[in-house]
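Colleague: Here's a structure for you.
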């Protein structure tokens, strides 16, 4: 490694914590685990629409509203108990198997690490504590602090404000829209190509691309 | 009717012009017409992500990039001829059967009408001319003029700038995210509940809801 390392900024949902338990939810109530992708696309679409139209609702509150929207499209109606079950699952996601190993490698190599998430402050802290990952991160920053969702510039700027304007940053996520925003704030970008996610040909290129966090950690340690 | 009518601002894609030909495209190349919904959600998600991150690409250019993204998720690779076919279909959508009748009713009742679309200026003008609907609209405004996608406030403000700040407006669309933005700029809102679209329970309510434009026209004529 040469020069000063960038501070690594991690997305949490689906980048570190797996949506597998949500897949099981959709298999159970929608009879099709792939409906998870429809829900998540609409969830992100509406989080962005709220930010563009200068509104803000908690990510969990939005999640159940969007879930009801998706249920209606599948001619289903979900009762309050099922909506609560979904909200609870969303707050109890488990890490991908290689994640802890990858974070440990980065920590050992001297990288400083931060998490930046669309989830509320409290639930993201609890999720990381429960999964044993909290210790790797100096800060866990929620978009709740700026009441705008990623990829709004204010969310990445919040990182700079808290950590320092002099530092160099690299955003790590499995969603191109998140990297688009980080890049517009002059962060380097690293894409983890989780199943169900793909790149945006011709329009966006990340600085690093890997299939999982352990592979990415090796790339980052080698290149910086 | 009482008082001054609002100026009606129409979304074009899927609100006036049907996605039926695009469904056929997805049935042909993806073997599943429902993939259209996946493509469209990602298209809107990424148009918003571009605007939030202060980027802009033409809607048609974005459409083929997002189509390739969706193809990758389905383990398909589309050649340039197929991408061009898609772009052409997107510029040649046909009106829903009741649309002309509904617009005619509104025109006869004295409403002023404008179109506001995410599509580029030229292709939206051509689409409306081809389908015989151009004559109903005083202006056809593209978000290209402000280089931001709906529901960014600048897109609705562009209508006010062109038509007048004194006027009252009502946005008509079959997508809640579009109405969210219009409402944040103090437009009234009317939702046409086209198949494949649903409301956002607890978080948003339109002033008018109808199953098609003819039904909505009756509501608007009666209520204003």
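Chains as they are written, first to last, in full-length UniProt numbering: chain A, 1 to 224; chain B, 1 to 224.
In this text, a Cβ means the ideal position worked out from N, Cα and C, and glycines have one as well.
Could you check whether the Cβ of residue 39(B) sits closer than 8 angstroms to any Cβ belonging to chain A?
Modeller: no
Colleague: Give the single residue among 194(B), 223(B), 217(B) and 170(B) whose Cα lies nearest to the Cα of residue 6(B).
Modeller: 170(B)
Colleague: Please compile the residues from chain B whose C-beta is within a distance smaller than 7 angstroms of the C-beta of residue 202(A).
Modeller: 65
Colleague: Measure the beta-carbon distance from residue 120(A) to residue 60(A) and round it to whole angstroms, keeping in mind my assumption that it falls under 8 angstroms.
Modeller: 7 angstroms
Colleague: Do you know how far the Cα of residue 167(A) is from the Cα of residue 157(A)?
Modeller: 12 angstroms
Colleague: How far does the alpha helix (DSSP H) with residue 188(B) in it reach, from first residue to last?
Modeller: Run containing residue 188(B): none in the alpha helix (DSSP H); it sits in the beta strand (DSSP E), 188-192.
Colleague: For the beta strand (DSSP E) containing residue 7(B), list its first residue and its last residue.
Modeller: 7-10
Colleague: Beta-carbon within less than 6 angstroms of residue 1(A)'s beta-carbon, same chain only, minus the 5 sequence neighbours each way: which residues are those?
Modeller: Legend: pLDDT at residue 1(A) = 44, less than 50; position of this residue unreliable, no value from coordinates given.
Colleague: Suppose only complete runs of 4+ residues qualify. What are the alpha helix (DSSP H) ranges in the segment 28-57 of chain A, listed by chain order?
Modeller: 35-52
Colleague: In whole angstroms, what separates the C-alpha of residue 128(B) from that of residue 198(A)?
Modeller: Whole-angstrom Cα-Cα distance: 34 angstroms.
Colleague: Compile a chain-ordered list of the residues in the segment 123-141 of chain B whose CB is closer than 8 angstroms to at least one CB of chain A.
Modeller: none
Colleague: Report the residues of the segment 38-58 of chain A with a CB closer than 8 angstroms to any CB of chain B, ordered along the chain.
Modeller: Within the segment 38-58 of chain A, 38, 41, 42, 44, 45, 46, 48, 49, 50, 51, 52, 53, 54, 55 and 57 place their CB atoms closer than 8 angstroms to a CB of chain B, listed in sequence order.
Colleague: Determine, for residue 120(A), whether the minimum Cβ-Cβ distance to residues of chain B falls below 8 angstroms.
Modeller: no
Colleague: Name the residue from 92(A), 75(A), 31(A) and 177(A) whose alpha carbon lies nearest to the alpha carbon of residue 122(A).
Modeller: 92(A)
Colleague: Please identify the residue among 137(A), 65(A), 56(A) and 42(A) whose C-alpha is closest to the C-alpha of residue 201(B).
Modeller: 65(A)
Colleague: Measuring alpha carbon to alpha carbon, tell me which of 94(A), 35(A) and 10(A) ends up nearest residue 23(A).
Modeller: 35(A)
Colleague: At a CB-CB cut-off below 7 angstroms, which residues of chain B make contact with residue 60(A)?
Modeller: The premise fails here: residue 60(A) is roughly 12 angstroms from chain B at the closest Cβ pair, so nothing lies under 7 angstroms.
Colleague: At least one CB of chain A closer than 8 angstroms to the CB of residue 180(B): is that the case?
Modeller: yes
Colleague: Can you give me the Cβ contacts of residue 206(B) inside the same chain, cut-off strictly under 7 angstroms, excluding the 5 residues immediately before and after it?
Modeller: 179, 189, 190 and 191
Colleague: Within the segment 68-115 of chain B, note down every full beta strand (DSSP E) run reaching 3 residues or more, in order along the chain.
Modeller: Taken in chain order, the complete beta strand (DSSP E) segments of 3 or more residues contained in the segment 68-115 of chain B number zero; there are none.
Colleague: Find the nearest neighbour of residue 110(B) within the set 138(B), 85(B), 88(B) and 125(B), judged by alpha-carbon distance.
Modeller: That would be 138(B), whose Cα lies nearest to the Cα of residue 110(B).
Colleague: Below 8 angstroms between beta carbons: does that hold for residue 184(A) and residue 53(B)?
Modeller: yes
Colleague: Thinking just about the alpha-carbon of each residue, which of 89(B), 77(B), 114(B) and 39(B) is nearest to the one in residue 21(B)?
Modeller: 89(B)
Colleague: Quick one: what's got a C-beta closer than 6 angstroms to residue 11(A)'s C-beta in the same chain, skipping five residues either side?
Modeller: 173 and 178
Colleague: Please classify residue 77(B) as buried or exposed, where buried requires at least 16 other C-beta atoms within 10 Å of its C-beta.
Modeller: exposed
Colleague: In whole angstroms, what is the alpha-carbon distance linking residue 153(A) and residue 181(A)?
Modeller: 6 angstroms
Colleague: Can you tell which of 163(A), 38(A), 87(A) and 62(A) has its C-alpha closest to the C-alpha of residue 73(A)?
Modeller: 38(A)
Colleague: Taking residue 226(A) as the query, report the chain B residues whose CB atoms sit under 7 angstroms from its CB, ordered along the chain.
Modeller: Lying outside 1 to 224, the shown extent of chain A, residue 226(A) is not represented and no answer is given.
Colleague: Taking only three categories from DSSP, how would you classify residue 155(B)?
Modeller: helix
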